[in-house]
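All remarks here apply to the structure that follows.
There are 2 protein chains.
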Amino acid sequence: MPRINKSKYAVLGILSLGPMSGYEIKNTIEGSLGNFWSESYGQIYPILRSLVAEGLATSRTEEQTGRPNRHVYTLTDAGRGALLQWLAEPVEYDVGRVEILLKLFFGWQLPVEDSLTKLREFRTVSEGLGSKYEGIEQWLKSTQAGHPGLPYWLATVSYGQHLSRALLAWCDETEGILGAIQEDQGHRAEVATPGRNGNGRDS
Amino acid sequence: MPRINKSKYAVLGILSLGPMSGYEIKNTIEGSLGNFWSESYGQIYPILRSLVAEGLATSRTEEQTGRPNRHVYTLTDAGRGALLQWLAEPVEYDVGRVEILLKLFFGWQLPVEDSLTKLREFRTVSEGLGSKYEGIEQWLKSTQAGHPGLPYWLATVSYGQHLSRALLAWCDETEGILGAIQEDQGHRAEVATPGRNGNGRDS
DNA sequence: GGCACTTATATCTCCTTGATATGTATCTAG
DNA sequence: CTAGATACATATCAAGGAGATATAAGTGCC
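Line order of the protein sequences matches chains A and B.
Everything in the first sequence is counted per the working numbering, starting at 39 for the first residue and increasing by one.
Everything in the second sequence is counted per the working numbering, starting at 39 for the first residue and increasing by one.
Below, the structure is given as structure tokens:
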């Protein structure tokens with residue numbers, strides 16, 4: 039089962055929006071797919087060359103004075119066909135690597151407070167994610183009104199909003215559970231060593 | 039800002055549970071972090087060598103007859119220190135690559151039904167994810183009862199459950215929106231070309 | 001006996017990321 | 001006016017990372 043190169047289809051998809059240079063492709067990806075997909079020049083330029091070699095795109099060189107010539111790539115019918123074929127293939131899903139979970143997994147080996155600090159940090163990150171998506175939603179609605187792609191693009195933004203709400207709910211739940219463990223430990227420590235009273239911080 | 043190698047800390051973390059060989063580390067990761075983290079032999083073996091070179095672990099060879107000798111790695115105090123230091127560093131979060139969103143983003147260029155099919159596929163995947171996590175939760179509760187790590191491990195499972203519920207909710211919402219577009223298009227097609235009536239499928 | 005699977009170590013290729021190199025043009029703050 | 005930042009445009013490199021494959025013996029089953 040030779041791994042299929044999804045970057046290739048991301049580039050193909052962007053080219054389906056119109057002829058572009060490698061530089062423009064990168065910028066377009068950042069400004070559209072950027073929230074759930076990324077590509078680097080290190081992939082884009084070799085992919086463009088292979089697309090031409092496979093007959094999925096053609097390239098034409100635009101002469102420019104004072105800066106490197108633009109290499110503009112245009113999708114061929116075969117290229118559009120390859121894109122449609124990939125779109126029809128079944129989707130995969132991968133949770134991916136989640137750093138907060140890696141840290142939390144080993145968290146029982148150190149004071150509960152350390153894990154709670156990590157969770158509070160992560161809550162801030164998740165909140166930032168949520169407001170970022172809200173901004174994008176407003177921007178899309180005001181600048182792309184009437185475009186047939188709008189509902190689809192809003193769906194990708196909504197994915198991010200559902201995700202960030204889920205992260206926040208998970209933070210709430212987990213902070214509650216670890217908080218209870220901390221109180222429990224604090225209580226037992228208090229009973230064991232009376233005198234060190236009213237366990238300091240509770241912000 | 040040289041990218042820090044998180045795989046190194048995953049290996050360090052696993053070694054904090056006890057001395058292990060590269061093979062055992064791989065298996066242990068799959069059976070514990072497996073739902074949100076993965077490592078391949080191609081990373082584990084070079085990392086183990088570099089851990090020894092950096093003084094973060096020691097290796098000892100157990101002679102075996104009939105099969106390759108076991109190289110068992112043990113965390114040093116410096117290694118445990120490096121792990122704790124990394125645990126204290128701020129966490130990052132990355133939504134990562136989401137294939138369904140990449141496909142959906144280009145979905146407006148083809149019939150709505152195609153995108154709805156993708157969403158229904160994705161719903162099945164998300165449901166599978168949810169039941170997988172439920173199974174893990176039950177298994178953890180019944181086999182690890184009383185272990186101080188249990189609440190932390192359950193928290194990582196809960197993350198997956200929150201995530202799968204969010205994916206399902208997003209599917210509901212998006213199927214509703216695209217379904218409305220489809221009905222709208224069907225309606226307009228009906229008005230435009232009367233005669234081809236009662237637009238076939240609606241499952 | 002043959003076949004599939006598991007234990008165990010290790011390497012290889014390819015994908016992917018992020019940094020860097022090169023060089024001009026334009027914009028901006030001091 | 002000019003130094004520095006940013007945009008345009010192409011391209012390469014070193015690492016990080018995933019997955020398949022190589023090797024080799026042991027175990028269980030038909």
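C-beta atoms are modelled at their ideal positions from N, C-alpha and C, and glycine is treated no differently.
Can you check whether the C-beta of residue i is within less than 9 angstroms of a C-beta belonging to chain B?
i                : result
LYS64 (chain A)  : no
TRP177 (chain A) : no
MET39 (chain A)  : Residue confidence is low: MET39 (chain A) scores 41 on pLDDT, short of 50, so the model does not pin down where it sits. Its coordinate-derived value is still stated next. Chain B contact via Cβ: absent.
LYS46 (chain A)  : no
TYR111 (chain A) : no
THR194 (chain A) : yes
ASP152 (chain A) : yes
LEU201 (chain A) : yes
TYR79 (chain A)  : no
ASN43 (chain A)  : no
LEU71 (chain A)  : yes
PRO186 (chain A) : yes
ASP132 (chain A) : yes
Rounded C-beta distance between residue i and residue j? I'm assuming under 8 angstroms.
i                : j                : result
TRP75 (chain A)  : ARG203 (chain B) : Not a contact, Cβ separation roughly 24 angstroms.
ALA120 (chain A) : GLU77 (chain A)  : Not confirmed; about 17 angstroms, so no contact.
THR114 (chain B) : GLY93 (chain B)  : 6 angstroms
LEU50 (chain B)  : LEU140 (chain A) : That pair is no contact at about 11 angstroms.
LEU86 (chain B)  : GLY117 (chain B) : In fact, because the Cβ distance is near 11 angstroms, the residues do not count as touching under 8 angstroms.
LEU53 (chain B)  : ALA95 (chain B)  : 6 angstroms
When DSSP labels each residue in this structure, what does residue i get in the three-state scheme?
i                : result
VAL195 (chain A) : helix
VAL110 (chain A) : strand
GLU100 (chain A) : strand
ALA126 (chain A) : helix
ALA218 (chain A) : helix
ALA183 (chain B) : coil
Report all residues from its chain with a CB closer than 8 angstroms to the CB of residue i; omit the five preceding and five following residues, and keep chain order.
i                : result
LEU167 (chain A) : GLY198, LEU201, SER202, LEU205
GLU68 (chain B)  : SER76
ILE219 (chain B) : VAL150
Just to confirm my understanding: we take residue i, look at its own chain, exclude 5 residues before and 5 after, and list those with CB closer than 7 angstroms. What are they?
i                : result
TYR2 (chain B)   : Only positions 39 to 241 of chain B appear in the structure, and residue 2 (chain B) is not among them; the question remains open.
ASN107 (chain A) : THR99, GLU100, GLU101
SER153 (chain A) : LEU142, GLY145, LEU216
GLU175 (chain B) : LEU192, VAL195
ILE82 (chain B)  : VAL49, GLY60, ILE63, LYS64
I'd like the list of long-range same chain contacts for residue i, defined as Cβ closer than 6 angstroms, with 5 residues on each side in sequence excluded.
i                : result
ILE138 (chain B) : PHE160
PRO57 (chain A)  : VAL110, THR112
ARG234 (chain A) : Low local confidence applies: a pLDDT of 48 at ARG234 (chain A) is under 50, so the model's placement there is unreliable, with the coordinate-based value given in what follows. Closer than 6 angstroms at the Cβ level, and outside the excluded window around ARG234 (chain A), lies no residue.
SER257 (chain A) : Outside the modelled stretch of chain A, which goes from 39 to 241, sits residue 257 (chain A), for which no answer is possible.
TRP124 (chain B) : TYR47
LYS156 (chain A) : LYS141
Any beta carbon of chain A sitting closer than 9 angstroms to that of residue i?
i                : result
PRO189 (chain B) : yes
TYR83 (chain B)  : no
GLN147 (chain B) : yes
SER169 (chain B) : no
TYR197 (chain B) : yes
THR181 (chain B) : no
VAL49 (chain B)  : no
GLU159 (chain B) : yes
LEU138 (chain B) : Correcting the residue identity first, residue 138 (chain B) is Ile in this sequence and not Leu. By this cut-off, ILE138 (chain B) is an interface position.
Any chance the region 200-218 of chain A sits against the region 155-162 of chain A, with 3 or more Cβ pairs inside 8 angstroms?
-> Result yes; three or more Cβ-Cβ pairs closer than 8 angstroms.
Is the region 141-156 of chain B touching the region 181-195 of chain B, taking contact as three or more C-beta pairs under 8 angstroms?
-> no
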